[in-house]
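Line by line, the protein sequences give chains G and R. The number in my numbering is simply the position in the first sequence, starting from 1, with 55 added. The number in my numbering is simply the position in the second sequence, starting from 1, with 55 added.
Number of protein chains: 2
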Amino acid sequence: MPRYRLDIEYDGGPYNGFQAQEGQPTVQGAIETAIHAFSGQTVRIAAAGRTDTGVHATGQVAHVDLDKDWPAATVMNAMNAHLVREAVAVLDCVQVTDDFHARFSAVGRKYLYRILNRPGRPALDQGRVWHVKRPLNVEAMQAGANHLIGLNDFTTFRDVNCQSKSPVKTLDVARVTRVGEEVHLAFEARSFLHRQVRSMAGTLVETGLGRWTPDDVKAALDARDRTACAQVAPSDGLYLTGVVYED
Amino acid sequence: MPRYRLDIEYDGGPYNGFQAQEGQPTVQGAIETAIHAFSGQTVRIAAAGRTDTGVHATGQVAHVDLDKDWPAATVMNAMNAHLVREAVAVLDCVQVTDDFHARFSAVGRKYLYRILNRPGRPALDQGRVWHVKRPLNVEAMQAGANHLIGLNDFTTFRDVNCQSKSPVKTLDVARVTRVGEEVHLAFEARSFLHRQVRSMAGTLVETGLGRWTPDDVKAALDARDRTACAQVAPSDGLYLTGVVYED
Chain G
56 MPRYRLDIEY DGGPYNGFQA QEGQPTVQGA IETAIHAFSG QTVRIAAAGR TDTGVHATGQ
116 VAHVDLDKDW PAATVMNAMN AHLVREAVAV LDCVQVTDDF HARFSAVGRK YLYRILNRPG
176 RPALDQGRVW HVKRPLNVEA MQAGANHLIG LNDFTTFRDV NCQSKSPVKT LDVARVTRVG
236 EEVHLAFEAR SFLHRQVRSM AGTLVETGLG RWTPDDVKAA LDARDRTACA QVAPSDGLYL
296 TGVVYED
Chain R
56 MPRYRLDIEY DGGPYNGFQA QEGQPTVQGA IETAIHAFSG QTVRIAAAGR TDTGVHATGQ
116 VAHVDLDKDW PAATVMNAMN AHLVREAVAV LDCVQVTDDF HARFSAVGRK YLYRILNRPG
176 RPALDQGRVW HVKRPLNVEA MQAGANHLIG LNDFTTFRDV NCQSKSPVKT LDVARVTRVG
236 EEVHLAFEAR SFLHRQVRSM AGTLVETGLG RWTPDDVKAA LDARDRTACA QVAPSDGLYL
296 TGVVYED
């Protein structure tokens, strides 16, 4: 049974998250329906990141096993033809060996959190950014973010419903940059806890607004207490931008 | 009667163009409805660029005369409150003198044309970019664009319904750059003919695909013949990004 790796982009807005749920529009459901439409197969795909409702992806990775040995380009084109009314697109498709698993082979995930930092509300990027009206201090945000980098117990930044066995993760990258009218937060780790990126983003915005100091971020981390976290940032600004595999 | 300058962003997708038309959703209609909602006044605004159906703006400029001397911030906030269900936002509002006219005082207009240049169709930027699957040669496009810069008779690049008295315009900037997966065309001029930017963009894409040479662009310009123009680029990728005024 040939296995295909799918690189996927989607607008999370119209979907109840990535993961398939009976009777709900989901990204996984849209993809599996498209696969069924061209192959006749009822499949279950596996993906690197099970993004929440409203969270976007420019670099989600999934894999699927098909009965027939289709050329990869045919799989991609056929899926895109059936996804044309969905906010989901297959950007790349390659045949992979059976030891590739989109979720379990992943050794890194990259997320981007986009903040539109201007007084005027977004007309073009409504649902695609978090709108923060007051000016953010990017240097203070980076100083706060630096406290999060490394091997830490992220209990404070983890949703109460998080299923992960351990709250201890290594955050490799937490980079804050101003890009025109936006502030971008880039995060990279082997894996993240549930709502970890949005929890960190919310806390860093408090820091950028001057309501928290960078040291308050450190204190919140050290507290290992969910109630020490600032308001969780909305899903609108979050993008899964890439997944890293060992070649 | 105090006059206010409004800097406006909009998604052109849901609107039948900028200009008000009875019974049609238009950007101008949405703005005038919002002004009426907070001021009670039935007004007619003037804008620097009357963008076509589906064309976006990040830097449209309009002006409006109000009966009452409202603080500019109040005008902006009240308008945005009433525009919250529209894809239109007021980014800035300042009180100006009566000799400021959004359209007639403008001495420059800036447009951006965004091309998504990758095999996979856009999921996030559907309606916001022109999707060109095959790789574009940016150097060839720039060489073609260079022929358009300067004082020229743009009859070839003008819609047959263009109302402008003369087809002779000075194109100050025509810059082609690759930005990640996108190719951006930036154009600046005192003013443009109807569909001029989309006509030039369509022609430059032919050049980027190798179907036209840069010299073919020159020949098309010299022909002063609308039928010498390539396919007009779709409205999706076009943005009015700024208007220049003498201070």
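Cβ atoms here follow ideal geometry from the backbone N, Cα and C, with glycine treated the same way. All of these numbers come straight from a predicted model, not from anything done at the bench.
Of all the options 94/R, 84/R, 133/R and 134/R, which has the alpha carbon lying nearest to the alpha carbon of residue 121/R? 94/R
Any chain G beta carbon closer than 7 Å to residue 261/R: no
Decide yes or no for the touch test of the stretch 166-185 of chain R against the stretch 137-149 of chain R: beta carbon pairs closer than 8 Å, at least 3 of them. no
Residue 169/G at chain R interface by Cβ criterion, 7 Å: Closer than 7 Å: no.
Answer yes or no: does any C-beta atom of chain G fall closer than 7 Å to that of residue 179/R? Nearest CB-CB separation between residue 179/R and chain G: below the 7 Å threshold.
Which of helix, strand or coil does DSSP assign to residue 96/G? coil
Proximity of residue 73/R and residue 166/R at Cβ, strictly below 7 Å: no
7 Å Cβ cutoff, residue 298/R in contact with chain G: By this cut-off, residue 298/R is not an interface position.
Under 7 Å Cβ-Cβ, which residues of chain G neighbour residue 145/R? 175
State yes or no: is the C-beta of residue 284/G within less than 7 Å of the C-beta of residue 249/G? In this structure, residue 284/G lies away from residue 249/G, with their beta-carbon atoms at least 7 Å apart.
Expected contact under 8 Å - CB spacing of residue 187/G and residue 207/G to nearest Å: Contact doesn't hold; Cβ gap of about 25 Å is too wide.
Using beta carbons (cut-off 7 Å, strictly below), is residue 236/R in contact with chain G? no
For a contact meaning CB atoms closer than 8 Å, what does residue 111/G contact in chain R? 179
Beta-carbon neighbours of residue 142/G, restricted to chain R and to distances below 9 Å: 178, 179 and 181
Is there a Cβ of chain G sitting closer than 7 Å to that of residue 65/R, yes or no? yes
Along the stretch 118-143 of chain G, what residues have a CB closer than 7 Å to any CB found in chain R? When CB distances to chain R are screened at a threshold of 7 Å, the residues of the stretch 118-143 of chain G falling below it are 135, 142 and 143, in chain order.
Simplified DSSP assignment, three categories, for residue 121/G: coil
Can at least three beta-carbon pairs, one atom from the stretch 281-300 of chain G and one from the stretch 59-78 of chain R, be found at a separation below 8 Å? no
Are the CB atoms of residue 144/G and residue 64/G within a distance shorter than 7 Å? yes
Measure the C-alpha to C-alpha separation of residue 170/G and residue 109/G and round it to an integer number of angstroms. 15 Å
Does any residue of chain B have a CB that is nearer than 7 Å to the CB of residue 298/G? Going by chain labels, chain B is absent from the structure shown, which instead holds the protein chains G and R.
Inter-residue spacing [alpha-carbon to alpha-carbon] between residue 210/R and residue 251/G: 57 Å
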